Amino acid sequence: MKFYEALGLEPKLALDSEDLKKRFYDRSRQWHPDRFSRGTSEEKQRSEEMTSTLNDAFRTLRDPVSRAEYFLSQSGLELPKDAPPELLEEIFELNMALEELRGGDESAREQLVSAQERFTNMLGEADTNLADLFGRYDETFDTAVLDQVRAVLNRRKYVSNLLRDVEKELNVHSAN
Amino acid sequence: MSTLQIDFGHAKPRIVGIDLGTTNSLVAVMDLTGPRILSGIVPSVVSVTESGEVIAGAEAREMLITHPERTVYSVKRLMGRGVSDVQDELKLFPFPIVAGSESVLKLRLGDKVMTPPEVSAHILRKLKEDAEDVLGADVTQAVITVPAYFNDAQRQATKDAGRIAGLEVLRLVNEPTAAALAYGLDKRKEGLVAVYDFGGGTFDISILRLHDGIFEVLATNGDTHLGGDDIDNLLLNIALEDLQSEWGEDLSGNAALVQLLRRAVIQAKEALSFAPSATIDLEYGPRKYQREIDVQLFNRLIEPIVERTLGPCRNCIKDAGITVEQINETVMVGGSTRIPLVRSAVERLFRKRPHTELNPDEVVALGAAVQAGILGGEVEDKLLLDVTPLSLGIETMGGLMSKLIHRNSTIPASETELFTTAVDGQTNVLIHVLQGERELVKDCRSLARFDLKDIDPMIAGMARIQVRFLIDANGILNVTAKDLRTGKEQSMDVKPSYGLTDDQVEAMILESYDKAEEDFKERQVREARVEADAILGAVDKAKEDAAYQALAEDERTAIERSINELKLAYHSDDHLLIRDQIEKLNQATMALAEAIMNEAVGKALKGTNINA
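This is the structure we're talking about:
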């Protein structure tokens, strides 16, 4: 996997963030275009290619979610597009509450605040869950675990979008 | 002073660092001991004399009053912009815009027509010459700073200006990043630093992580149309309204008066950073105007402007993925950060006292010199990792912008996209590249249109053209395309939406070469004379002071002799001779200047370089 290679890493789901940063800094020092300002045009071009890949790699791998998404896509697993079924009812009710608040019905606020708390907790759970699965996969290379990662990621994505919508709406209306 | 030459045994040519500011510009270089400013502040003003000669710097600033219609200031606000972008600005500028220049502004100054990069090139050339004077060697390579929030066209325009001025621009560095580099240089700082850069025409906020010599920008935000100029304009409008009611006429069309008034307003604004009230003081022929402004009124006036800087700060903190409590230091850059209200607003937002010990006018140029040192290989333990301020994307179906490289991505950053044809036999594919954060194309900034051409006619969807978008370390977009079926480079035409084409820049470079040599000598003599005028005037005034009489007789004689010698040299065509005599007069009057300063009546000497 290109991004792991760029940072001199074995492809693993669990990474130590300090080690990652150190690798990124060390390689930047070595490859940054600043080091080749008096170099040949081939050297310059190569440095630009190396560092732009390095920057992409670091940006993608330092965040556990984007890292897992990258890992899955490199393993030929795309995220499903459909909403996780267990969230459907939640999404439906929430959209109602959002509509009500937008329509000026302040009683929906309470519902949104509790939804905000619930979603925040769900995100936290998903992250713990992911860390757990990362460790398990790295030890076993069990593709069934990857499927679980994929399910958690999908759920997390929806929860995070919902949370964003809720917070946006709460902020807009508290400002008035 | 200028005769001093230090040889560090550099076989390599020196790379200078240039702060090309809205109001003032500076040039610096990296020495063994650290970065050093090479010459005085050069006002970012360019003027065309009646004989058709272009002048820049302090001399041109004088022309603002005498020939406002052929003198440009704050040209940085016009860089990389189209006519429709700057309508508000143009109302305030006394010089006319040539009609029909849609993607590139053209200014008419006397009988000359110039684009903003050409105007900036004159400022750069002045800085280049100043640097050459001090270094005693040719200067051909530079690092130039730009506001972090400058878009691609504004950056490209700055780079073009450098090329036209005969400078190879090795790197464009973001101003707040440069400031951080200068700031963190000798202090071996670690941790999170916010740089609040509020200059003459632009505002930037950047948050960096400093670790082991690496200056990593986490996020940046800003407003390329917000600065001290806007404060000046507020005060100017008040004064013009006053004048209308007091003198009974609308004087906003009187360019010379407006420039005089602008100067008076700036003086009052600057005084208000230190005093509870100040007076806008205007003398125009026999007529006088005075208006007192106290700090309360001033603060009330500028509060909306200061407030406009805080939103970008909050967004920047959020984008950096940190909380305000995690920021270890706040560094203030740019002349407008001298304003107490600005300082207190920043202190409130970041919840700690900002650092103001660095000279906010010099720190950016010093940082640019450090970056020059990094590129030149003299500084080995530092490295800047900067980001792109705006997302880059392409137009997709339905007028939507599809993002390829997100804002705050570390640069160089690249992304590749595969393009194909939509109908049978299609031989061209048009790619519209945009910059901005909004979803609709019309709300984003158009960068350029790339026309992939001469595609072999084939069935729709069969063509495979891989396009690589690279934002380089200067924050400038480079696009290359490859035909994956043949492995050959795909040919394309590039049409920038704003700014000059390569051919136009080349033509301007050629034109400037023709004139550069003859201009150069003449200019040096004239500049030396301007300096001589300044010091002679100052000494004349100083002689009226009691401190002059208190000098020993031989000191007075020495001063008289130096004055006469300078007056003699003045009429020679040798700028070195004039400068020598200026230096001698400087030396001779040192004790006098000190005495006057000590008496705290140094007003007479203020604003001249007698002590420089």
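Chains as they are written, first to last, in our numbering: chain A, 165 to 340; chain B, 176 to 787. Just so it is clear, CB atoms sit at the ideal spot from N, CA and C, and this is done for glycine as well. Here the structure is a predicted model, which means the values were calculated and not measured.
The residue among B:V714, B:L751, B:E728 with its C-alpha nearest the C-alpha of N739 (chain B) is B:V714. With distances taken between CA atoms, T246 (chain B) lies nearest to B:A430 out of B:A430, B:A623, B:D720.
Counting along the chain, no beta strand (DSSP E) covers P351 (chain B); the unbroken alpha helix (DSSP H) around it starts and ends at 350–358.
In this structure, DSSP gives K670 (chain B) an extended state, which the three-state scheme calls strand. When rounded, the separation of the alpha-carbon atoms in D425 (chain B) and D327 (chain B) is 40 Å. For the region 581–603 of chain B, residues whose beta-carbon sits nearer than 9 Å to a beta-carbon of chain A comprise H581, S584, T585, I586, P587, A588, S589, E590.
The three-state secondary structure of V598 (chain B), taken from DSSP, is coil. As summarised for the region 425–455 of chain B, the continuous alpha helix (DSSP H) elements at least 4 residues long and confined to that stretch are 430–446, given in chain order. Each of A:G267, A:R231, A:D306 was checked against the Cα of Y168 (chain A), and the nearest Cα belongs to A:R231.
Against chain B, a Cβ distance below 7 Å from E331 (chain A) picks out nothing, because the smallest value is about 12 Å.
In the three-state reduction of the DSSP assignment, G403 (chain B) falls in the helix class. The continuous alpha helix (DSSP H) containing Q762 (chain B) extends over residues 750–763. By the neighbour-count criterion, in which a residue is buried when 16 or more other Cβ atoms sit within 10 angstroms of its Cβ, V392 (chain B) is buried. DSSP places N408 (chain B) in the helix class (H, G or I) of the three-state scheme.
By the rule that beta-carbons nearer than 7 Å mark a contact, D198 (chain A) touches chain B.
Going by beta carbons, V705 (chain B) and E234 (chain B) fall inside the 7 Å limit.
Under the Cβ criterion of 7 Å, I549 (chain B) is counted among the residues facing chain A. In the three-state reduction of the DSSP assignment, F305 (chain A) falls in the coil class. Of all alpha-carbon atoms in B:L516, B:G510, B:W422, B:L524, the one lying nearest the alpha-carbon of E504 (chain B) is that of B:L524. Proximity of chain B to T307 (chain A) at the Cβ level (cut-off 7 Å) is not reached, the minimal Cβ distance being about 29 Å. P218 (chain B) is bridged by DSSP to B:N199. If you draw a straight line from the Cα of T454 (chain B) to the Cα of A543 (chain B), it comes to about 37 Å. Assigned with DSSP and collapsed to three states, E416 (chain B) falls in helix. Taking C-beta separations shorter than 8 Å and ignoring five residues to either side along the sequence, the partners of T655 (chain B) in its chain run V642, R643, L645, E664, following chain order. For P292 (chain B), the enclosing alpha helix (DSSP H) covers residues 291–310. Nearest in C-alpha terms to P671 (chain B), of all of B:L284, B:R731, B:R330, is B:R330.
The beta-carbon distance between L410 (chain B) and K444 (chain B), rounded to whole angstroms, is 6 Å. This is short enough to meet the 8 Å contact definition.
At a C-beta separation below 9 Å, E212 (chain A) has these neighbours in chain B: P587, S589, L645, D647, A648, N653. Excluding five sequence positions before and after R620 (chain B), the CB atoms of its chain that fall closer than 6 Å to its own CB belong to N326, Q610, G611, given in chain order. Shown here for V323 (chain A): same chain residues with a beta carbon closer than 8 Å to its own, the five before and five after excluded, namely L251, F283, M286, L287, A290 in chain order. At a cut-off of 7 Å between C-beta atoms, S216 (chain A) counts as an interface residue with respect to chain B. DSSP places N583 (chain B) outside any beta strand (DSSP E), giving it a letter other than H or E. Not one beta carbon of chain A lies nearer than 7 Å to the beta carbon of I514 (chain B).
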